[in-house]
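Enquirer: Got a structure here, written out as structure tokens. Questions coming.
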Amino acid sequence: MFSTAAAADTDSDDDDDNDTVIRRNRSGVRNVAIIAHVDHGKTTLVDQLLRSAAKTTTKTAKSHNDGSNNGEDDTTERLLDSGDLEKERGITITSKVTRIDDSSTIINLVDTPGHADFCGEVDRILSLVDGVCLVVDAGEGPMAQTKYVLSRALQARLPIVVVLNKVDRRISYDRVIEGDTEISLEELMEQLGASEEQIRFSLDKAMFYASARDGWVTQDLDTLRAIVDEDFVNDKFSLAAVNVGYDSYLGRTCTGRIASGHVTVNDSVTVLKRLAASDNDGNENTATTANPTVTPPTTLKGLFVNKGISRVPLESQIAYAGDIVTLAGVPDSIRVGDTITGMNDGGKERQVSKPIDTPPLVPPTLSMEFAANNGPLAGLEGTEVTPSKLRNRLIVETDNNVTLNVETSATDSERTNVFARGELQLGILIEQMRREGFEMVISPPNIVTTTTEADENGNGGGVLMEPFEEVTIDVDSEYAGFIVSSLTADRKGILLEMTESTDSKTRLVLEVPSRGLLGFPSEAASATRGSAVVNHVYIEDRKYVGALGNGLEKGKLISTDSGKATTFALSSLEARGVLFIAPGDVVYPGMIIGENAKQGDLEVNPVRAKGLTNMRTQSKEEKVHLAPPKRMTVEDMIGYMSPDEMIEVTPSTLRLRKILLDPTERRTAARKKKQQQDALKKK
Numbered sequence: 001m002f003s004t005a006a007a008a009d010t011d012s013d014d015d016d017d018n019d020t021v022i023r024r025n026r027s028g029v030r031n032v033a034i035i036a037h038v039d040h041g042k043t044t045l046v047d048q049l050l051r052s053a054a055k056t057t058t059k060t061a062k063s064h065n066d067g068s069n070n071g072e073d074d075t076t077e078r079l080l081d082s083g084d085l086e087k088e089r090g091i092t093i094t095s096k097v098t099r100i101d102d103s104s105t106i107i108n109l110v111d112t113p114g115h116a117d118f119c120g121e122v123d124r125i126l127s128l129v130d131g132v133c134l135v136v137d138a139g140e141g142p143m144a145q146t147k148y149v150l151s152r153a154l155q156a157r158l159p160i161v162v163v164l165n166k167v168d169r170r171i172s173y174d175r176v177i178e179g180d181t182e183i184s185l186e187e188l189m190e191q192l193g194a195s196e197e198q199i200r201f202s203l204d205k206a207m208f209y210a211s212a213r214d215g216w217v218t219q220d221l222d223t224l225r226a227i228v229d230e231d232f233v234n235d236k237f238s239l240a241a242v243n244v245g246y247d248s249y250l251g252r253t254c255t256g257r258i259a260s261g262h263v264t265v266n267d268s269v270t271v272l273k274r275l276a277a278s279d280n281d282g283n284e285n286t287a288t289t290a291n292p293t294v295t296p297p298t299t300l301k302g303l304f305v306n307k308g309i310s311r312v313p314l315e316s317q318i319a320y321a322g323d324i325v326t327l328a329g330v331p332d333s334i335r336v337g338d339t340i341t342g343m344n345d346g347g348k349e350r351q352v353s354k355p356i357d358t359p360p361l362v363p364p365t366l367s368m369e370f371a372a373n374n375g376p377l378a379g380l381e382g383t384e385v386t387p388s389k390l391r392n393r394l395i396v397e398t399d400n401n402v403t404l405n406v407e408t409s410a411t412d413s414e415r416t417n418v419f420a421r422g423e424l425q426l427g428i429l430i431e432q433m434r435r436e437g438f439e440m441v442i443s444p445p446n447i448v449t450t451t452t453e454a455d456e457n458g459n460g461g462g463v464l465m466e467p468f469e470e471v472t473i474d475v476d477s478e479y480a481g482f483i484v485s486s487l488t489a490d491r492k493g494i495l496l497e498m499t500e501s502t503d504s505k506t507r508l509v510l511e512v513p514s515r516g517l518l519g520f521p522s523e524a525a526s527a528t529r530g531s532a533v534v535n536h537v538y539i540e541d542r543k544y545v546g547a548l549g550n551g552l553e554k555g556k557l558i559s560t561d562s563g564k565a566t567t568f569a570l571s572s573l574e575a576r577g578v579l580f581i582a583p584g585d586v587v588y589p590g591m592i593i594g595e596n597a598k599q600g601d602l603e604v605n606p607v608r609a610k611g612l613t614n615m616r617t618q619s620k621e622e623k624v625h626l627a628p629p630k631r632m633t634v635e636d637m638i639g640y641m642s643p644d645e646m647i648e649v650t651p652s653t654l655r656l657r658k659i660l661l662d663p664t665e666r667r668t669a670a671r672k673k674k675q676q677q678d679a680l681k682k683k
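Going by UniProt numbering, 203 is the number at position 203 of the sequence shown; the sequence numbering is gapless.
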């Protein structure tokens with residue numbers, strides 16, 4: 001019930017005749033986002049808060065649910081990470097909202113992703129909350145994504161509660177006792193332009209020491225109640241959509257925080273859509289609130305809130321400013337970032353004049369081209385194999401994933417360009433689609449570049465710009481030299497900081513072009529025996545630094561025949577390089593079956609069978625032992641493939657192949673490319 005949080009209404013007039021008395025005192029509601037670097041303990045902290053809240057309401061829950069506890073289980077970990085890929089990979093991919101009733105206060109907790117590729121989720125959530133809880137690993141201190149999410153929170157002028165997590169570890173305890181982590185945080189906040197008042201509040205008044213895994217913290221939740229000033233909101237209903245979904249019974253749904261006014265079931269609402277300056281498609285990066293379009297009205301069918309991991313109807317059937325709710329029955333045309341508002345009724349003005357401003361998103365840095373599978377094995381494994389179904393699925397993804405942009409290819413109308421933040425984000429999308437039965441081929445990644453515009457005097461225009469990222473790497477000291485050499489030589493990186501710790505670890509901070517990071521995490525993990533932990537975050541666009549070094553190019557082993565790979569053929573190919581396939585795998589001409597130990601591609605026959613001989617002279621057949629093949633994930637392939645290659649994705653198989661399967665066509669294309677390069681050199 002929301003009665004504890006609603007402002008007292010002492011007016012004797014009918015509320016429907018005077019909207020100004022429908023106001024909300026936000027002292028009864030707290031909307032808090034949990035933000036942090038990846039693996040610093042956000043989701044574990046939310047788990048413990050949910051368990052703590054469940055224990056205090058067990059009797060009430062049993063009386064209402066016949067002994068159930070809304071799906072919450074004390075033994076379950078990462079309750080809010082409900083997606084299959086989130087469970088498999090152990091990371092948060094999409095933000096989740098849950099609600100905790102704490103005495104007289106309703107606390108809406110928002111768990112956010114920690115990986116840089118999903119930073120758009122953090123951007124849109126910050127417009128939803130009153131304050132943030134910044135979780136920092138006390139042993140590692142502030143990391144790349146910590147800097148990013150903290151800067152966004154400071155820009156939004158949100159109060160920040162700091163939780164130093166994992167203080168039960170010895171290295172963390174030592175850093176806390178010596179004050180190293182607090183000093184690092186203070187220096188970071190000063191660097192990001194925080195005021196003295198903000199720094200003192202976060203580090204003096206709102207600093208917590210916790211072990212989310214063990215379920216303890218030095219203080220309770222009272223600080224969260226005190227961090228937001230009391231205020232009132234106006235009477236015109238407005239809500240910015242943060243998540244958009246669909247229910248087969250209730251229709252289109254959206255989740256967001258009510259910015260002003262109130263809303264009830266059966267209210268008529270409309271959507272104010274922001275227009276993009278370039279293509280009028282509502283692109284979040286360029287959208288404007290000027291002259292918004294208004295959609296036809298619809299009637300709300302339901303109001304819901306999230307309790308624990310369950311979505312339940314709002315008992316009072318009315319929600320006020322400050323509440324985070326899910327609306328059912330909203331217009332189908334709604335997208336993330338659009339504003340839902342009331343309809344003017346007679347002389348009552350219930351519609352706001354312009355959409356709610358939401359923070360701009362970090363621009364995409366990577367693009368890849370998606371197309372229906374056109375390989376020899378197309379249609380054998382998947383159920384969704386047409387270009388139209390593929391494009392429609394990608395468009396649906398953009399409805400709720402605001403960091404993805406989709407465009408039709410300029411060279412082929414049956415191909416679709418997808419713009420995203422990084423390899424992991426694209427890899428997650430591809431993995432989700434292949435599990436839905438899609439077959440597709442995906443082109444090599446291209447970095448999104450921009451061109452500067454000339455000033456008023458016509459100077460400075462036409463400069464090619466590319467995205468740069470700050471890379472933080474923790475690695476065993478013996479491999480630090482390799483990491484520095486790899487990133488600064490062929491990948492055009494700049495070393496900013498190199499710090500050695502007491503446990504034979506070295507922290508490296510570099511600035512590297514985004515294209516120089518393609519494939520680097522997997523390469524670093526292999527070269528350092530898994531000791532390298534790579535984190536990166538977008539900084540800004542800078543002047544294009546030219547072609548990367550030739551050391552990144554690797555030759556491939558290319559199949560010349562079709563059929564099933566044989567043990568006999570693969571045993572002779574092991575000496576040529578690293579194999580990607582095992583005996584029995586289906587191959588076809590132009591498919592990449594391994595990495596050549598030398599530079600340059602090598603065409604081989606992996607289906608060659610052993611010739612028949614006089615078996616009576618053999619006492620027994622010779623046994624052949626093959627090394628296990630190298631199996632790559634989608635993200636590994638994205639960073640690994642060359643410009644003339646593509647990934648073939650089916651529900652059961654990932655393959656690397658040449659764009660041109662015919663060897664004659666490949667040689668002709670290579671010759672033309674060399675001629676063009678020679679002509680450019682002569683100029």
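Note that the Cβ used here is the ideal one computed from N, Cα and C, for glycine as well.
1) In whole angstroms, what separates the C-alpha of residue 424 from that of residue 635?
2) Could you say which of 392, 238, 302 and 308 lies nearest to residue 343 if we only look at CA atoms?
3) So for residue 605, helix, strand or coil by DSSP?
4) Return the Cβ separation of residue 661 and residue 590 in integer angstroms, given the expectation that the two are a contact with Cβ distance under 8 Å.
5) DSSP three-state call for residue 388: helix, strand or coil?
6) Suppose you measure from the CA of residue 685 to the CA of residue 216; what does that come to, to the nearest Å?
7) So the candidates are 252, 642 and 653; which of them puts its Cα closest to the Cα of residue 659?
8) State the Cα-Cα distance for the pair residue 400 and residue 585, rounded to the nearest angstrom.
9) With distances taken Cα to Cα, identify the nearest neighbour of residue 421 among 366, 301, 555 and 465.
10) So, under 8 Å CB-CB, residue 242 and residue 128 are touching, yes? Tell me the CB distance rounded to an integer number of Å.
11) Quick one: what's residue 476 bridged to in DSSP?
12) On a CA-only basis, which of 270, 174, 377 and 326 is nearest residue 338? Give me that one, please.
13) Could you say if the stretch 429–438 and the stretch 454–469 meet the contact criterion of at least three C-beta pairs nearer than 8 Å?
14) Pick out the complete beta strand (DSSP E) segments inside the stretch 308–362, 3 residues or longer, and give them in chain order.
15) Mind pulling the alpha helix (DSSP H) runs of 4 or more residues that sit fully within the stretch 130–193?
16) Buried or exposed, going by whether 16 or more other CB atoms sit within 10 Å of the CB of residue 329?
17) Using DSSP with H/G/I as helix, E/B as strand and the rest coil, what is residue 265?
18) What did DSSP end up calling residue 294 once you bin it into helix, strand or coil?
19) Tell me whether residue 679 is buried or exposed, calling it buried when 16 or more other Cβ atoms sit within 10 Å of its Cβ.
20) Mind checking residue 40: buried by the 16 CB within 10 Å criterion, or exposed?
21) Pick helix, strand or coil for residue 63, following the three-state DSSP scheme.
22) Can you check which of these residues, 356, 392 and 493, is closest to residue 468 by C-alpha distance?
23) On the three-state DSSP scale, how would you describe residue 374?
24) Shortest alpha-carbon distance to residue 611 belongs to which of 569, 603, 631 and 154?
25) Determine the contact status of residue 692 and residue 508, defining contact as a CB-CB distance below 8 Å.
26) Secondary structure at residue 658, three-state DSSP: helix, strand or coil?
27) Check whether the Cβ atoms of residue 327 and residue 254 lie closer than 8 Å to each other.
28) What did DSSP end up calling residue 204 once you bin it into helix, strand or coil?
29) Is residue 545 closer than 8 Å to residue 473 when the C-beta atoms are compared?
30) The alpha helix (DSSP H) with residue 669 in it runs from where to where?
31) So for residue 496, helix, strand or coil by DSSP?
32) Is residue 574 near residue 510, with beta carbons less than 8 Å apart?
33) Suppose you measure from the CA of residue 555 to the CA of residue 601; what does that come to, to the nearest Å?
34) Quick one: Cα of residue 183 to Cα of residue 35, how far?
Expert: Considering the structure as presented:
1) Translated into positions along the sequence shown, residue 424 becomes position 424. Translated into positions along the sequence shown, residue 635 becomes position 635. Their Cα atoms are separated by approximately 6 Å.
2) As a first step, residue 343 must be located in the sequence shown, where it is residue number 343. It is 238 whose Cα lies nearest to the Cα of residue 343.
3) As a working mapping, residue 605 is identified with position 605 in the sequence shown. Reduced to three states, the DSSP call for residue 605 is coil.
4) One-based indexing of the sequence shown puts residue 661 at position 661. One-based indexing of the sequence shown puts residue 590 at position 590. The beta-carbon distance between residue 661 and residue 590, rounded to whole angstroms, is 3 Å. This is short enough to meet the 8 Å contact definition.
5) Looking up residue 388 in the sequence shown gives position 388. Look at residue 388 here: in three-state DSSP terms it is helix.
6) Residue 685 is absent from the model: the chain starts at 1 and stops at 683.
7) Here residue 659 corresponds to residue number 659 of the sequence shown, with the count starting at 1. Comparing Cα positions, the closest option is 642.
8) Along the sequence shown, one-based indexing puts residue 400 at 400. Along the sequence shown, one-based indexing puts residue 585 at 585. Cα to Cα, the separation comes out at about 37 Å.
9) On the sequence shown, position 421 is the one that residue 421 refers to. In this structure, 366 is the residue among 366, 301, 555 and 465 with its C-alpha nearest to the C-alpha of residue 421.
10) Position 242 of the sequence shown holds residue 242. Position 128 of the sequence shown holds residue 128. Yes, residue 242 and residue 128 are in contact; Cβ-Cβ is about 5 Å, under 8 Å.
11) Looking up residue 476 in the sequence shown gives position 476. DSSP, once it has assigned bridges, lists 505 as partnering residue 476.
12) Here residue 338 is taken as the residue at index 338 of the sequence shown, counted from 1. Answer by Cα proximity: 270.
13) By the Cβ criterion, the stretch 429–438 is not in contact with the stretch 454–469, since fewer than three pairs of Cβ atoms, one from each stretch, lie closer than 8 Å.
14) The qualifying runs are 310–313, 318–320, 324–328 and 339–342.
15) Contiguous alpha helix (DSSP H) elements confined to the stretch 130–193 occur at 144–155, 170–178 and 180–191, taking only those with 4 or more residues.
16) In the sequence shown, residue 329 corresponds to position 329, counting from 1. Buried, since its Cβ has 16 or more Cβ neighbours within 10 Å.
17) For the purposes of this step, residue 265 is taken as residue 265 along the sequence shown, with counting starting at 1. Coil, per DSSP.
18) Reading the sequence shown from its first residue, position 294 is the one you call residue 294. Residue 294: strand per DSSP, three-state reduction.
19) Along the sequence shown, one-based indexing puts residue 679 at 679. Taking all protein chains shown into account, residue 679 has fewer than 16 neighbouring C-beta atoms within 10 Å of its C-beta and is therefore exposed.
20) As a first step, residue 40 is located in the sequence shown; it is residue number 40 there, counting from the start. With 16 or more Cβ atoms within 10 Å of its Cβ, residue 40 is classed as buried.
21) The count along the sequence shown starts at 1 and reaches residue 63 at position 63. The predicted position of residue 63 is uncertain, since its pLDDT is 40 and thus under 50; no value can be drawn from it.
22) In the sequence shown, residue 468 corresponds to position 468, counting from 1. For residue 468, the nearest C-alpha among the options comes from 493.
23) Indexing the sequence shown from 1 puts residue 374 at position 374. In the structure shown, residue 374 sits in coil (DSSP, three-state: anything other than H, G, I, E or B).
24) Residue numbering aside, residue 611 sits at position 611 when the sequence shown is read from its first letter. The option with the nearest alpha carbon to residue 611 is 569.
25) One cannot answer for residue 692 here, as it falls past the ends of the chain, which runs 1 to 683.
26) Along the sequence shown, read from residue 1 onward, the residue named residue 658 stands at position 658. Reduced to three states, the DSSP call for residue 658 is strand.
27) To locate residue 327, count along the sequence shown from 1; it is residue 327. To locate residue 254, count along the sequence shown from 1; it is residue 254. In this structure, residue 254 lies closer than 8 Å to residue 327 by Cβ.
28) For the purposes of this step, residue 204 is taken as residue 204 along the sequence shown, with counting starting at 1. Helix at residue 204.
29) Position 473 of the sequence shown, counted from the first residue, corresponds to residue 473. Position 545 of the sequence shown, counted from the first residue, corresponds to residue 545. No, these two residues do not count as a Cβ contact at 8 Å.
30) The residue labelled residue 669 in the question sits at position 669 within the sequence shown. Per DSSP, residue 669 belongs to the alpha helix (DSSP H) from 663–682.
31) The residue labelled residue 496 in the question sits at position 496 within the sequence shown. Under the three-state reduction of DSSP output, residue 496 falls in the strand class.
32) Taking the sequence shown and counting its residues from 1, the one referred to as residue 574 is at position 574. Taking the sequence shown and counting its residues from 1, the one referred to as residue 510 is at position 510. Result no, Cβ atoms of residue 574 and residue 510 do not sit closer than 8 Å.
33) As a working mapping, residue 555 is identified with position 555 in the sequence shown. As a working mapping, residue 601 is identified with position 601 in the sequence shown. For residue 555 and residue 601, the distance between alpha carbons rounds to 5 Å.
34) Counting from one through the sequence shown, the residue named residue 183 turns up at place 183. Counting from one through the sequence shown, the residue named residue 35 turns up at place 35. Near 20 Å, if we compare the C-alpha coordinates of residue 35 and residue 183.
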